[in-house]
Every structure is written in C-alpha cells, then in structure tokens.
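Here is the structure we will look at.
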Amino acid sequence: MPAILSNRKRPDTGLMVLRIFVAAFFIFLLAPILIVVLYSVSDAAYTVWPIQDLSLRWYERMIEYRPFLTSLGFSFKVAIWAAALSILIGVPAALALARSRSPLAEAVTTFLLAPLSMPMILLGVALLYYFSWMGLGVSQTGVILSHTVVSLPYIVRTVAAVYMNAGKGQEESAAILGANRVQVFVRVTLPMIRAGILAGGIFAMLISLDNLPISFFFAGPDTNTLPVVMLAYQQNQFDPAIAAISTTQMVIAIAMLLVVQRLTGLHHIIGQQR
Amino acid sequence: MTMADKITLSPAATASRRRKTTHGLLGTLPAVFFLVVFFVLPLIDNTFNSLETRAEDGGAIDNYMRLFTDSYYLEVILRTLWVSFLSTVLCIVIGYPVAYYMVRHVKGSGALLIFLLVAPLMTSIIMRTYGWQILLARNGPLSDWLMALGLIDRPLGLLRSPVSVYFGLVHILAPYMVISIASVLQTVDRRLEEASLVMGASRFETFRRITLPLSTSGIVTGSIIVFMLCNGSFLTMLLLGNGSVVTLPLLIYQQFVLVNDTGFAAAMGNVLLLLALICLYLQLRIVRGKGAA
Amino acid sequence: MTIKTRLLASTLLIAAGTTAQAENLSVTAFGGSWEQAFRTCYVEPYVAASGNTVDVNIGSPTQWVNQIAANADNPPIDVLVNLMDTAAIAINDELVEPFDATKIPNLAKVPEAFQTPLQGYGTVINFGAAGLGYMESRVSNPPQDWTAFFDGIIAGDYVASLPGINVGSTTPTALLWNLFDIMEIPLDQPEEVMAKLSEAVESGNVIFFNDMNQYLTQLQSGEADIGIYWDGRAWTAKDGGIDDLNFYYPQPGGIISPSVVQKVANGSDAGWDFINTMLDAENQGCFANAVGYAVVNSEVEYAEPLASRAPSYQDVRWPDFAGISEQMPTWVDQWNRTVGR
Chain Z
1 MPAILSNRKR
11 PDTGLMVLRI
21 FVAAFFIFLL
31 APILIVVLYS
41 VSDAAYTVWP
51 IQDLSLRWYE
61 RMIEYRPFLT
71 SLGFSFKVAI
81 WAAALSILIG
91 VPAALALARS
101 RSPLAEAVTT
111 FLLAPLSMPM
121 ILLGVALLYY
131 FSWMGLGVSQ
141 TGVILSHTVV
151 SLPYIVRTVA
161 AVYMNAGKGQ
171 EESAAILGAN
181 RVQVFVRVTL
191 PMIRAGILAG
201 GIFAMLISLD
211 NLPISFFFAG
221 PDTNTLPVVM
231 LAYQQNQFDP
241 AIAAISTTQM
251 VIAIAMLLVV
261 QRLTGLHHII
271 GQQR
Chain L
1 MTMADKITLS
11 PAATASRRRK
21 TTHGLLGTLP
31 AVFFLVVFFV
41 LPLIDNTFNS
51 LETRAEDGGA
61 IDNYMRLFTD
71 SYYLEVILRT
81 LWVSFLSTVL
91 CIVIGYPVAY
101 YMVRHVKGSG
111 ALLIFLLVAP
121 LMTSIIMRTY
131 GWQILLARNG
141 PLSDWLMALG
151 LIDRPLGLLR
161 SPVSVYFGLV
171 HILAPYMVIS
181 IASVLQTVDR
191 RLEEASLVMG
201 ASRFETFRRI
211 TLPLSTSGIV
221 TGSIIVFMLC
231 NGSFLTMLLL
241 GNGSVVTLPL
251 LIYQQFVLVN
261 DTGFAAAMGN
271 VLLLLALICL
281 YLQLRIVRGK
291 GAA
Chain P
1 MTIKTRLLAS
11 TLLIAAGTTA
21 QAENLSVTAF
31 GGSWEQAFRT
41 CYVEPYVAAS
51 GNTVDVNIGS
61 PTQWVNQIAA
71 NADNPPIDVL
81 VNLMDTAAIA
91 INDELVEPFD
101 ATKIPNLAKV
111 PEAFQTPLQG
121 YGTVINFGAA
131 GLGYMESRVS
141 NPPQDWTAFF
151 DGIIAGDYVA
161 SLPGINVGST
171 TPTALLWNLF
181 DIMEIPLDQP
191 EEVMAKLSEA
201 VESGNVIFFN
211 DMNQYLTQLQ
221 SGEADIGIYW
231 DGRAWTAKDG
241 GIDDLNFYYP
251 QPGGIISPSV
261 VQKVANGSDA
271 GWDFINTMLD
281 AENQGCFANA
291 VGYAVVNSEV
301 EYAEPLASRA
311 PSYQDVRWPD
321 FAGISEQMPT
331 WVDQWNRTVG
341 R
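Chains as they are written, first to last, in our numbering: chain Z, 1 to 274; chain L, 1 to 293; chain P, 1 to 341.
Structure, rendered in structure tokens:
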C-alpha cells in the first residue's frame with residue numbers, strides 16, 4: 001500500500017538529500033569502529049596508521065589470556081539476566097503508566113526513570129556497601145541486580161512510549177468480541193508493544209555490556225565483566241588484543257541480535273510488517 | 001498524549017478509564033518495590049554519607065553549602081546541564097531524519113540497519129575513544145581529507161577542543177535517539193499522512209502537522225534517555241577534549257579516585273540526581289499537559 | 001569418619017585457629033602481562049609450597065579498597081597489591097595490618113627506603129621511574145633537565161604530552177610534586193606551580209593524557225613530540241615496535257613510581273606467607289625480568305636488557321607521599337579552577 005505511493009513519485013531531491021544524510025550518519029557511526037577492527041588485525045603491537053601488515057596473532061593472544069573469555073561469558077550472562085528481569089517487572093509498569101489517568105502517573109514515571117540520572121560511579125559504590133551489608137557483597141547476584149536497576153528505566157520508557165501511541169481501539173474491539181484478558185494481552189497487546197520491548201531490551205543489554213562504573217566495584221575472580229578486565233589489561237599493556245576482544249564482543253552481540261531477529265523480527269522496531 | 005489517543009477517546013471510554021484510576025497503577029508495584037529496595041535504600045545510605053565532611057568541625061550541610069556558594073561549582077552544574085541539553089538537541093536533529101528514513105524508505109534491509117546502528121555501542125568505550133583519537137588527530141584522516149578538499153588550510157586541533165567531546169557523545173547517544181523515534185514512528189498510521197497529501201497539503205505541511213506531532217512520544221523518550229545518559233557520564237569527558245569539558249560526574253570521579261572525599265562526591269551526586277529529576281518531571285508534565293489539553 | 005564428627009572436628013580446628021586444611025587466599029594484581037608474571041613468579045611457587053589455592057583479583061586499587069571497606073569484618077581480599085596513594089587511604093581507614101618482620105623473613109633483604117613511606121603498613125614490591133619519552137626524529141636535542149623541559153614547552157620548542165589531573169598516582173608525583181621540587185616551593189602553596197602549568201597550557205604546546213595509553217597514541221599520531229612517561233612502559237613500547245621512541249631521566253633525576261603490598265586486616269593469616277614468597281629473591285628476579293620493572297630484594301640480579309635500564313632506588317627521587325596525600329584536595333581544586341579551564 002504505502003509503497004505504491006512512493007513508487008509513483010518521481011525521484012526527488014528531498015529524498016536524495018535524506019539518503020546522503022543517512023549515509024553520512026552511518027559513516028560517522030562506523031568509522032571509529034572500523035579503526036578498532038583494523039587495529040585488531042594489525043601485526044604490529046603499536047600500530048602506525050595506515051596499517052602495514054595483517055595478522056591474527058592478537059586473536060591468539062586474546063584466547064590465551066583467560067580472563068578475557070571468562071569475563072566475556074559473564075558479561076553476556078549479566079546482560080541477559082538484567083534485560084530479562086527488567087522486562088519482567090518493567091513491562092507491566094509501562095502498560096499501567098501509559099494508560100493511567102492517575103495524577104500520580106508522572107510522579108511514578110519519574111521515579112521509575114530516576115536510576116538513569118544517578119551518576120553510575122556513585123550508584124556502584126552505594127550498591128557495593130548496601131549489598132555487602134545484606135551479606136551479598138561481591139557476588140554475581142549483586143552484579144545482576146545492580147545492572148537491573150539501571151536497565152529497568154529503558155524498558156519502562158520504550159514500552160510506555162509505543163503503547164501510548166498505539167490506539168486502544170484494537171484491544172477494546174477484541175474485548176467486545178469476547179476475548180478474555182489473557183487473550184487480549186497475548187493476541188493484541190503483546191504484538192502492539194513488541195517494538196517497544198525489543199528496543200528497550202536491546203538498550204538494556206547495551207547498557208549492561210558497556211557498563212564500567214558499576215561493574216568495577218563488584219569485580220572479583222567470579223564477577224569480572226569484560227569492560228573491567230579490559231580496563232585492568234590496558235592499564236598495564238596496550239596492544240591490539242584489546243581491539244580483538246572488543247571486535248569479538250561486537251560480533252557475538254550481533255550474532256545474538258540475529259537470533260532475536262529470527263525469533264521475533266527485529267525489523268518490528270521500524271515496523272516493516274505494517 | 002497524542003492525537004491518535006484523542007481521536008479514539010470517546011466520552012464513554014474516558015468514563016471507563018476514570019473508574020480504573022484507583023487500580024490503574026497496580027501494574028507498577030513490582031517495579032516500584034524493586035527500586036525502593038535496590039535504589040532508594042542505597043540512596044538514603046548515600047545521603048547520610050553526604051552529610052559527613054572531611055573537616056572535623058564540619059556542619060552537616062557543609063558539602064552542599066560548598067556546592068551552592070562557590071561560583072566555580074555553580075558554573076560546573078550549569079555546564080553539566082548545558083552539555084546534556086546540547087547533546088540532546090544534536091541527537092534529535094541528527095537522529096530524526098535517520099529514524100524517518102529507516103521507517104519510511106527502507107524496504108528489505110531494516111534489520112541490517114539496526115545492526116549497524118547498535119554495533120558501535122557494543123564495543124567498549126575505551127576502544128571507541130581510541131578510534132576517535134586516530135580519526136581526529138592533527139595529522140589524522142579527517143584533517144587530511146578536509147585539507148585535500150580545500151576546506152581548511154591548517155590541520156585541525158580537534159582533540160584539544162570540546163568539539164571532540166561532542167563527537168564522542170553524539171556517537172554513542174544518537175543510536176538511542178534513532179531507535180526511540182523509529183519504534184514510535186512505525187506506529188503512526190500512514191493513511192493519515194496520505195489523506196493529508198491527497199487533501200492538498202504540502203509534504204512539509206503534512207510532516208509538520210501530522211508526522212511530527214504523532215511521533216512526539218518517540219522524541220520525548222529519546223530525549224529523556226540521551227539527556228540522562230549524558231548527564232551521568234564522565235568517561236567521554238575524561239578521555240576526549242583534553243579536559244576542556246568539566247562536568248559534575250567528572251568531579252565526582254575525581255573525588256573518588258584522587259581525593260577520596262566520598263561525602264562530597266555523594267553530595268554532588270544528590271544534587272545532580274535532583275536536577276535531573278526536576279528536568280525529567282517538567283518534561284513529562286509538559287508533554288502530558290499538551291496531550292490532555 | 002562420619003559427616004557429623006568431621007564437622008565437629010573442623011569446628012574445633014577453626015576454633016583453635018589452626019586450620020590444617022588447604023586455604024583459599026585472595027590476592028590482587030594489575031592486569032595483562034603484569035598479572036601473568038604475577039601468577040608465574042609469585043602464585044605458582046606459593047601454591048606449590050603451601051598447598052593452598054590462590055584467587056587473583058585483577059582490577060584497580062579504588063575498587064579493591066572499597067570492596068575491603070564495605071566488608072571490613074570479612075574482607076574479600078587477603079593480600080592487597082596497591083599503589084601509593086590508595087595505600088595511604090587503606091592505612092588511614094585501618095583496612096590493613098602493621099607488618100610483622102618475624103612473619104616475613106625476606107623483609108630483611110628489602111632496604112629501609114622501600115618500607116618507610118608505608119609507615120610500617122606494607123612495603124614497595126617493584127618500581128618504575130618517570131622521565132621523558134620523546135620521538136627522536138622530531139626532537140633532536142631533548143632538554144637535559146626538568147626546568148629546561150618546561151621552559152621548552154612555553155618557548156614552543158616542541159608539543160608536550162603531560163599526565164592530566166585525572167590520572168591518579170602519576171600526576172600528583174611525576175608532574176605536580178616534580179614542579180614543586182624543581183621550583184623549590186612548599187607543597188601547601190600551589191599558586192605558582194599552577195600558574196606555571198597554565199602558562200604552558202596557554203602556549204598551546206601541551207596536550208594532556210588522561211589514560212596511560214593515550215600518551216603513546218599522541219606521540220605516534222604526531223599530536224605530541226615529547227612527554228612525561230615511565231621507564232618500563234616506554235621500553236616496552238620501544239621494544240614492541242615504536243623504534244623512534246627514546247627515554248631518559250632528566251636532571252635532577254626520575255621520579256619513583258612504586259607498587260606496594262599490604263596485608264588486609266581480618267584477612268587470612270596465610271597472607272603473611274604469600275607476602276614472604278613475593279619478596280623472595282628468586283621470585284622477585286623472575287618477576288622483574290618478565291615485566292621490565294625494578295624490584296626491591298637487594299639480592300636480585302637483573303638480566304639484560306633490564307640490567308642496563310633499571311634505575312637504582314638511590315638515584316631516583318622519592319616524592320613526599322604523605323605531604324602529597326595531604327595536599328591532594330587542594331591541588332585538584334586548584335587545577336580545576338586554573339589549569340583545567
């Protein structure tokens with residue numbers, strides 16, 4: 001349907017300008033990352049640009065340095081847990097807030113988004129002392145719960161935004177047609193907010209994977225996340241192994257996104273099924 | 001609230017909403033409880049901490065007095081808000097067209113573009129910064145190309161100016177804006193836009209009167225996320241810009257790592273949190289107020 | 001033995017404070033090659049000799065000190081490898097125990113100078129010294145002394161890379177204390193030093209590094225020509241492929257940058273033996289040659305190239321660590337208001 005409309009239009013300058021702008025944006029976005037990927041396959045320890053010789057030896061080094069791989073695994077574990085917990089408690093909250101006419105709604109929304117505005121280094125220290133007082137101390141549970149605190153706001157906000165924009169018509173029609181609450185939720189509401197959950201879930205994972213200021217305070221032999229290990233490594237040694245593990249993390253994360261894409265259709269974020 | 005909501009809200013539906021007001025927020029309970037236990041309580045602890053001063057004879061609110069009576073700290077507080085505000089505006093201006101293009105003009109490769117969008121966020125901040133250091137160096141590629149194009153005649157000293165901080169900030173924050181806007185933009189019914197065009201409105205007019213208002217909640221989401229993330233971050237300011245952009249989180253970092261005055265750090269954190277929450281609340285109020293009017 | 005009697009037996013043993021079973025010791029280390037040398041030269045010999053197991057926590061001192069402070073009664077760390085400034089915090093907050101020479105026989109082979117700065121709460125284990133690293137192709141005539149180095153920046157002879165205020169441990173000693181020292185100004189009067197630094201910054205010939213590795217990137221990319229750096233890191237970089245880089249200590253000398261070890265209060269007593277293992281001549285020699293830093297046991301003999309590069313602890317300058325620690329809040333504040341503008 002809408003495609004017909006755009007096909008009918010003559011190629012226009014407006015669209016051309018937009019295309020160039022978008023292309024420039026993606027170049028801006030990917031250029032520094034390209035440097036990192038190139039650096040990871042350069043042969044020299046201290047690279048002079050442009051790169052002279054290519055080598056995979058930094059990937060060997062990456063595999064040889066144990067903490068890289070163990071912390072990489074733990075990082076993903078934390079990210080998935082934090083995203084899952086956030087979705088579990090964040091989605092009901094978002095649905096309630098999006099439709100609520102209660103005068104308290106703004107206050108509650110502000111409260112649920114508050115962890116976003118707390119400087120993470122401070123939150124990290126506060127949580128370290130708090131969990132230690134609870135007896136959880138430097139533990140995997142501590143890391144996961146801390147990351148959930150900072151992931152939750154993303155889910156709440158993205159799901160609420162999408163749900164607010166989707167009209168109530170469909171849900172009400174379904175209810176009138178005799179669907180019960182569970183059916184309405186699974187068949188109507190869930191597909192409606194899918195884009196929000198996906199976007200929020202991705203945000204939550206990104207925030208968790210890249211988090212240094214909180215993870216830092218919870219780091220121990222069993223609780224090292226990759227950013228903490230990378231920091232510790234590069235403080236004493238700066239070689240392309242850092243770029244190699246960085247690239248590996250990115251590739252794994254993209255592979256996970258591919259799985260999500262297969263399972264749920266990532267393109268729902270930009271709504272191609274409509 | 002958006003126009004779509006207003007259209008569907010019949011008087012009867014509004015009445016049925018009203019009845020639900022009492023238990024309308026029930027769904028938020030688990031999340032609220034979670035944050036009370038794992039955010040508010042540690043924060044209270046932190047607040048007690050902020051009342052302790054280094055000086056033996058210090059008063060309870062000395063740390064706060066220090067922040068609010070010294071023009072230097074006031075300047076830093078204002079700069080913190082300004083940097084966040086400017087980054088947010090930059091992200092909207094840059095991010096909206098990209099989101100619009102992805103939702104309206106991309107046909108087969110939508111997922112690919114999303115991968116490209118989030119890939120940079122999956123490398124560590126240390127490596128991203130390294131990338132910028134290479135690209136923006138005096139004799140780096142950017143300077144070279146701009147000189148080759150004849151746009152500048154001397155190598156740029158970008159790494160020493162605040163410009164590189166904004167490069168770094170927009171680079172990591174813009175994807176959040178794009179995804180936030182895109183996820184809302186895709187719910188906008190295109191028939192409204194088509195109807196507007198059919199009825200003779202120009203494309204700009206259609207965009208201004210239909211598309212933009214209907215995607216407001218996406219812009220708001222993106223702005224909140226970008227503003228808050230920027231407000232709390234210090235690594236980009238630490239590693240780029242040659243120390244030319246000093247914001248509150250950077251001062252907090254210094255108190256931890258260099259000075260070990262956790263009381264003062266806690267006080268700065270509370271001030272930052274409070275300011276951010278006020279901005280957030282006002283933003284939500286304004287948006288809601290407009291929709292409900 | 002039934003489970004019950006075994007439980008009873010172990011309870012009695014713990015009560016008597018003489019656990020015969022293997023213990024698990026938790027120690028800290030810096031990451032990368034440092035950690036690997038640490039494991040090979042210290043952890044392995046210790047494990048072989050004691051039968052205990054050792055967990056190595058890699059990370060940064062701020063993290064460890066907070067983790068110990070948060071769990072002071074039952075600390076997650078027993079032996080704390082630390083830097084000088086955070087060591088002072090650990091001593092102040094009573095997180096570490098005073099050293100007992102009878103529990104660490106090898107301490108006798110460590111010169112007094114390495115112990116006094118820690119006031120009896122630890123010892124230096126290895127050290128580097130800060131000097132000047134420069135690119136030979138761009139700086140043909142490097143300044144002979146520190147005063148000339150700073151004057152050269154202002155005169156525009158070269159662009160210098162200096163550690164920014166946010167680099168803990170280094171800036172306070174290698175840059176700030178260094179300036180106080182050569183300008184012969186008391187530590188509590190920072191105005192003149194900050195003015196000198198501001199003048200250098202305003203000349204447009206200074207770029208700060210706020211992360212250890214930025215320095216090397218800045219020198220390689222041409223952003224800077226010369227700058228303050230440490231011997232060990234500079235030599236590693238040169239050996240690793242930056243041929244153009246050279247390093248030296250300007251007069252009146254390099255500034256020491258030590259790593260220290262402390263025993264955490266309420267931590268396992270097996271920690272004493274681990275510290276003793278770390279100070280053993282053979283193990284120290286193994287570590288020094290692996291990472292390229294000088295060590296403290298006076299019986300250690302270095303292999304080349306360290307033998308000709310390692311500074312003597314008597315030649316390097318020792319900053320007034322206690323005085324620096326006391327002045328840090330003022331220095332950071334002054335820096336933010338003047339140099340950091």
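Where is the CB? At the ideal position from N, CA and C, for every residue including glycine.
Query: Residue-level contact to chain L via CB, Met230 (chain Z), 8 angstroms cutoff; Result: yes
Query: Inter-residue CB distance, Val156 (chain Z) and Leu198 (chain Z) (contact presumed, cutoff 8 angstroms); Result: With a Cβ gap of about 15 angstroms, Val156 (chain Z) and Leu198 (chain Z) do not count as contacting.
Query: DSSP state of Phe209 (chain P) mapped onto helix, strand, coil; Result: strand
Query: C-beta atoms of Gly27 (chain L) and Leu104 (chain Z) nearer than 8 angstroms; Result: no
Query: 4-residue-minimum alpha helix (DSSP H) runs that sit fully inside the stretch 127-202 of chain Z, ordered along the chain; Result: 140-165 and 169-176
Query: Residues bridged to Trp230 (chain P) [DSSP beta-bridge criterion]; Result: P:Ala130
Query: Ala108 (chain P) in three-state terms, based on DSSP; Result: helix
Query: Backbone CA spacing between Val56 (chain P) and Glu35 (chain P) [nearest angstrom]; Result: 8 angstroms
Query: Proximal residues, the stretch 121-150 of chain Z versus chain P, C-beta separation under 7 angstroms; Result: Val125, Leu128, Tyr129, Ser132, Gly137 and Val138
Query: Secondary structure of Lys263 (chain P), DSSP reduced to three states; Result: strand
Query: Chain P contact for Ala137 (chain L) (CB, 8 angstroms cutoff); Result: yes
Query: Chain-ordered neighbours of Tyr166 (chain L) on chain P, where CB pairs are closer than 7 angstroms; Result: Within 7 angstroms Cβ-Cβ: nothing; Tyr166 (chain L) doesn't reach chain P, min ~17 angstroms.
Query: Leu282 (chain L) burial status per 10 Å Cβ neighbour count (16 or more: buried); Result: exposed
Query: Cutoff 8 angstroms: Val246 (chain L) Cβ touching any chain P Cβ; Result: yes
Query: Collapsed DSSP secondary structure at Leu38 (chain Z) in the structure displayed; Result: helix
Query: Unbroken stretches of the alpha helix (DSSP H), 4 residues or longer, contained in the stretch 35-108 of chain L; Result: 41-50, 62-69 and 71-104
Query: Cutoff 7 angstroms; reference Asn210 (chain P); Cβ partners in own chain excluding five residues on either side; Result: Gly164, Asn166 and Val167
Query: Short Cβ contact (8 angstroms threshold) for Thr123 (chain P) with Val110 (chain P); Result: yes
Query: Where Val332 (chain P) falls: helix, strand or coil (DSSP); Result: helix
Query: 8 angstroms Cβ cutoff, Leu35 (chain L) in contact with chain Z; Result: yes
Query: Three-way DSSP call (helix, strand, coil) for Ala265 (chain L) in this model; Result: helix
Query: Proximity test, Cβ basis, 8 angstroms: Val332 (chain P) and chain L; Result: yes
Query: Local Cβ density within 10 Å of Ala265 (chain L), reported as buried at 16 or more and exposed below that; Result: buried
Query: CB-CB length for Leu258 (chain L) against Met237 (chain L), believed under 8 angstroms; Result: In fact, because the Cβ distance is near 15 angstroms, the residues do not count as touching under 8 angstroms.
Query: Whole-number beta carbon distance between Gln314 (chain P) and Tyr46 (chain Z), since they are thought to touch under 8 angstroms; Result: Contact flag wrong, Cβ pair sits at about 32 angstroms.
Query: Gly178 (chain Z) classed as buried or exposed, judged by whether at least 16 other C-beta atoms fall within 10 angstroms; Result: exposed
Query: Pairwise C-alpha distance: Ser86 (chain Z) and Trp177 (chain P); Result: 48 angstroms
Query: Gly120 (chain P) classed as buried or exposed, judged by whether at least 16 other C-beta atoms fall within 10 angstroms; Result: exposed
Query: Meets three-Cβ-pair contact criterion under 8 angstroms: the stretch 211-230 of chain P and the stretch 269-289 of chain P; Result: no
Query: Ala70 (chain P) beta carbon less than 8 angstroms from that of Ser132 (chain Z); Result: yes
Query: Beta carbon proximity, Ala15 (chain L) to chain P, threshold 8 angstroms; Result: Confidence at Ala15 (chain L) is low in this model, with a pLDDT of 43, below 50, so its placement is unreliable and the value that follows should be read with caution. For Ala15 (chain L), the answer is no, since every Cβ of chain P falls outside 8 angstroms of its Cβ.
Query: Beta carbon of Leu69 (chain Z) nearer than 8 angstroms to that of Ile63 (chain Z); Result: yes
Query: CB-CB length for Gly323 (chain P) against Leu187 (chain P), believed under 8 angstroms; Result: 5 angstroms
Query: Cross-strand partners of Leu162 (chain P) (DSSP beta bridge); Result: P:Phe208
Query: Inter-stretch contact at 8 angstroms, needing at least 3 Cβ pairs: the stretch 260-269 of chain P / the stretch 68-88 of chain P; Result: yes
Query: Separation of Tyr100 (chain L) from Asn224 (chain Z), as counted between CA atoms; Result: 40 angstroms
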